[in-house]
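**Q**
There are 2 protein chains.
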Amino acid sequence: MNKPGQVFIISGPSGSGKDTLIKALMEKRPEIKLSVSSVTRAPRPGELNGSHYNFITKDEFLRMLDNGEFLEYNTYLGNYYGTPRAQVEAWLQSGADVILEIDVNGAGHVKKKLPDAVSIFVMPPSMRELGERLAGRRTEDEETAQKRLLEALREMECAGSYDYIIINDRLQNAVRQLECVVEAQGCRAENMTETVKGVLKDAQSVNWQTSQNV
Amino acid sequence: MNKPGQVFIISGPSGSGKDTLIKALMEKRPEIKLSVSSVTRAPRPGELNGSHYNFITKDEFLRMLDNGEFLEYNTYLGNYYGTPRAQVEAWLQSGADVILEIDVNGAGHVKKKLPDAVSIFVMPPSMRELGERLAGRRTEDEETAQKRLLEALREMECAGSYDYIIINDRLQNAVRQLECVVEAQGCRAENMTETVKGVLKDAQSVNWQTSQNV
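If you read the sequences in order, they're chains A and B. Here this note's numbering is used: the first residue of the first sequence is 1, the next is one more, and so on. Here this note's numbering is used: the first residue of the second sequence is 1, the next is one more, and so on.
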């Protein structure tokens, strides 16, 4: 039987650079799966359906919600966001690790359903830097950008409830830290039970060998 | 005030290669301190006093033990081994991370005294490989080597009580895993409290700035 996969929850405000971080991790660890959220908001320029998000209608979202098809869902700036359950569960059962890129509320819900999930919060190095990153993003109006900044502050105040916090100052360092969290998790004793059994299983043959030498 | 340092307990049987692993880690992270144990056994060829161990007499060991100068101590093959407390505590208070290379019993004692210590068990990839590594070590007689192999088996059966298990098959992989455990520990939310405060402390200036822009 395969060891079930590990869920990594990754949160962080807009402007924390978590998308870039996740992309860099997946280039180095292509075996890890990234869950694609379903959303009811309009695609931003450059966002592809099925790659960044599944863009669906509000009616479709509510129908899926009724059917219990989401592992978690949330609303943000008037739109619905949800993590489809079936794909995540299939990946985990096949032994694959899965990344859920979800917000603070979603992280709380998933942690209740999947207590073994490892949660990681990505932060900018300072609020000033975050403000500049968001101001540089010219894809939305001033009011939305302001809401996003206040929302970012609210999210960051929850960072302490995560298992790990990564400060995304220099991308290269942040990627290495994210890789290390994933790598270290694989070395947790509870994830090594079968490997240890494998090492100890030939103990009898070694005892036999040494008694032959006496 | 400095954040106190982190204790990493590293155990593993003779032949697991933990000494080499620790040496490789400390070359990459020279800021980490390695506690030098006090022992009453005779030095093996090539072992330097004060570098590998503090070689002391049994009388001296027992006097230190009476004075409560050991964080943990143990006997192994008739000799005493102990971790001097004062140096470790001084390092931790200065904010330095400290490695304790101690056996399974010592690890249990330290975990009781220092519950935040992170424990790592280093294993060979198989018992057969371990037997070969020990047979290749020609510095001791057959009887001692046999005791060491049985002791190794007894130690490895405790691996599951550690936080992390590293299989030392290819040294390079094992070193990367050890580095990752240390790096990931630095990202644990409880070790990032001050950093997060630092990020959020300029939140007011950003609010002021955005209200100016409205």
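For every residue, glycine included, the Cβ atom is placed at its ideal position computed from N, Cα and C. What you are looking at is a predicted structure, and each value in this text was computed from that prediction instead of being measured.
Mapping DSSP to helix, strand and coil, what is G82(A)?
**A** DSSP places G82(A) in strand when its eight states are reduced to three.
**Q** Would you mind telling me which residues of chain A sit closer than 8 Å to T195(B), beta carbon to beta carbon, in chain order?
**A** The answer, in chain order, is I165, I167.
**Q** Applying a beta-carbon distance threshold of less than 9 Å, which residues of chain B neighbour A117(A)?
**A** Here the premise fails: no neighbours, minimum Cβ distance about 14 Å.
**Q** Determine the closest residue to A107(A) out of G136(A), A86(A), Y73(A), G78(A), with distance taken between C-alpha atoms.
**A** Comparing Cα positions, the closest option is Y73(A).
**Q** Cβ closer than 7 Å: which chain B residues qualify as neighbours of L100(A)?
**A** Per Cβ cutoff of 7 Å: no residues; L100(A) is ~18 Å from chain B at best.
**Q** Between the beta-carbon of L150(A) and the beta-carbon of T20(A), is there less than 8 Å?
**A** The answer is no: Cβ separation not under 8 Å.
**Q** Using only the alpha-carbon positions, how far apart do K3(B) and P84(B) sit?
**A** Cα to Cα, K3(B) sits roughly 22 Å from P84(B).
**Q** Could you give the distance in angstroms between the alpha-carbon of K147(A) and the alpha-carbon of K18(B)?
**A** Answer to the nearest angstrom: the Cα atoms are 52 Å apart.
**Q** In whole angstroms, what is the alpha-carbon distance linking E155(B) and A117(A)?
**A** Computed Cα separation, rounded: 30 Å.
**Q** Between the Cα of S38(B) and the Cα atoms of G12(B), Y81(B), R133(B), which residue gives the shortest distance?
**A** Nearest C-alpha to S38(B): Y81(B).
**Q** Let me know if T75(B) comes out buried or exposed under the rule of 16 or more other beta-carbons within 10 Å of its beta-carbon.
**A** Its Cβ having fewer than 16 others within 10 Å, T75(B) is exposed.
**Q** Are the beta-carbon atoms belonging to S16(A) and V104(A) less than 8 Å from one another?
**A** Going by C-beta atoms, S16(A) is not nearer than 8 Å to V104(A).
**Q** Ignoring anything shorter than 3 residues, give me the beta strand (DSSP E) runs that lie fully in the stretch 34-80 of chain B, in order along the chain.
**A** The qualifying runs are 70-76.
**Q** Give the residues of chain B in contact with M26(A), contact being defined as C-beta atoms less than 9 Å apart.
**A** Neighbours of M26(A) on chain B: none; closest Cβ ~17 Å, over 9 Å.
**Q** If you reduce the DSSP assignment to three classes, tell me which class R188(B) lands in.
**A** R188(B): strand per DSSP, three-state reduction.
**Q** Less than 6 Å between C-beta atoms, sequence neighbours within five positions excluded: which residues of the same chain meet that for A24(A)?
**A** Taken in chain order, the residues that qualify are V175.
**Q** Given a threshold of 16 other Cβ atoms within 10 Å of its Cβ, counted over all protein chains shown, does Q93(A) qualify as buried or as exposed?
**A** Flag for Q93(A) reads exposed.
**Q** With distances taken between CB atoms, is the gap from I22(B) to E101(B) smaller than 8 Å?
**A** Cβ distance < 8 Å, so I22(B) and E101(B) count as in contact.
**Q** Measure the alpha-carbon distance for L65(A) versus A145(A) and round it to whole angstroms.
**A** Looking at the two C-alpha atoms, the distance is approximately 29 Å.
**Q** Quick check on L217(A) - is its C-beta less than 8 Å from some C-beta in chain B?
**A** Residue 217(A) lies beyond the stretch modelled for chain A, which goes from 1 to 214, so this question has no answer here.
**Q** Please identify, using Cβ separations under 8 Å, the residues of the stretch 6-39 of chain B that lie next to chain A, in order along the chain.
**A** Going along the stretch 6-39 of chain B in chain order, one finds no residue with a Cβ nearer than 8 Å to chain A.
**Q** Taking the continuous beta strand (DSSP E) assigned at L100(A), which residues delimit it?
**A** First-last of the beta strand (DSSP E) with L100(A): 98-101.
**Q** Would you kindly work out how many angstroms separate the C-alpha atoms of L200(A) and N168(B), rounded to a whole number?
**A** If I take the Cα positions, the gap works out to 14 Å.
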